[in-house]
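For reference, the structure discussed in these notes is given below.
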Amino acid sequence: MNRRAFLTATAATFALPGVASAFQVRTFSPALWDEVRASDQVVILNFRTNWSLTCQIKQELIAEAISENPEYSALQFIDVNWDTYGRSRMAERMKVARRSTLLVMKNGNEIARLVNEPDARKIRGLMDAALAAG
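FYI, in mature numbering (1 follows the signal peptide of the UniProt record, and there is no 0) the residues of the sequence shown are -22 to -1, 1 to 112.
Here you go:
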């Protein structure tokens, strides 16, 4: 990411603190994961922390994309707390090596992945892949 994009995203984080709550997010649990894998719904797993600036910027970019494209509001996001589940067998099996990872999943299979990319265009591309998989 270039300096201008980083500074813009950082400024947006502080200027729009309530935007990240503008879309519906479910909190990961093993029971929820079992439910999601048993269905044919498309979900976006968001491996994140509350203390990571990159994760906060990514949340803002997701919220901004949803506000600009109403089709994105149909997507189902599941927050996976990296501090709790980052070293879990699930994360290991999915080869999630770091926080700030987005995974699009359907039927337990990976459709798309974005790792540590707080880039609006790439996040929209991932969300488009999720819509296409639905």
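Don't be surprised by glycine CBs; every beta carbon is placed ideally from N, CA and C. Treat the numbers as computed from the prediction; the structure is a model and nothing was measured.
Sub-7 Å separation of residue i and residue j beta-carbons
{"i": "Leu39", "j": "Ala110", "result": "no"}
{"i": "Gln54", "j": "Val21", "result": "yes"}
{"i": "Ala107", "j": "Val74", "result": "no"}
{"i": "Phe6", "j": "Ile56", "result": "yes"}
{"i": "Pro96", "j": "Thr27", "result": "no"}
Run of the beta strand (DSSP E) containing residue i, from where it starts to where it stops
{"i": "Lys84", "result": "79 to 84"}
{"i": "Leu53", "result": "Note, Leu53: premise wrong, no beta strand (DSSP E); not H, not E."}
{"i": "Glu88", "result": "87 to 93"}
{"i": "Thr5", "result": "3 to 5"}
From the options, residue whose alpha carbon lies closest to that of residue i
{"i": "Asn85", "options": "Asp12, Phe6, Leu10, Asp18", "result": "Asp18"}
{"i": "Gln37", "options": "Ser78, Ser51, Glu49, Leu10", "result": "Ser78"}
{"i": "Arg102", "options": "Met72, Tyr63, Ala41", "result": "Ala41"}
Where residue i falls: helix, strand or coil (DSSP)
{"i": "Ala75", "result": "coil"}
{"i": "Gly(-5)", "result": "Note on Gly(-5): pLDDT 46, under 50, position unreliable in the model; the coordinate value appears next. If DSSP states are grouped into helix, strand and coil, Gly(-5) belongs with coil."}
{"i": "Thr32", "result": "helix"}
{"i": "Leu23", "result": "strand"}
Residue-chain proximity (residue i, chain C), Cβ-Cβ < 7 Å
{"i": "Asn47", "result": "The structure shown contains no chain C; it is built from a single protein chain."}
Delimiting residues of the alpha helix (DSSP H) encompassing residue i
{"i": "Arg102", "result": "98 to 111"}
{"i": "Glu49", "result": "Counting along the chain, Glu49 falls outside any alpha helix (DSSP H), and DSSP gives it neither H nor E."}
{"i": "Thr62", "result": "60 to 63"}
{"i": "Asp12", "result": "8 to 16"}
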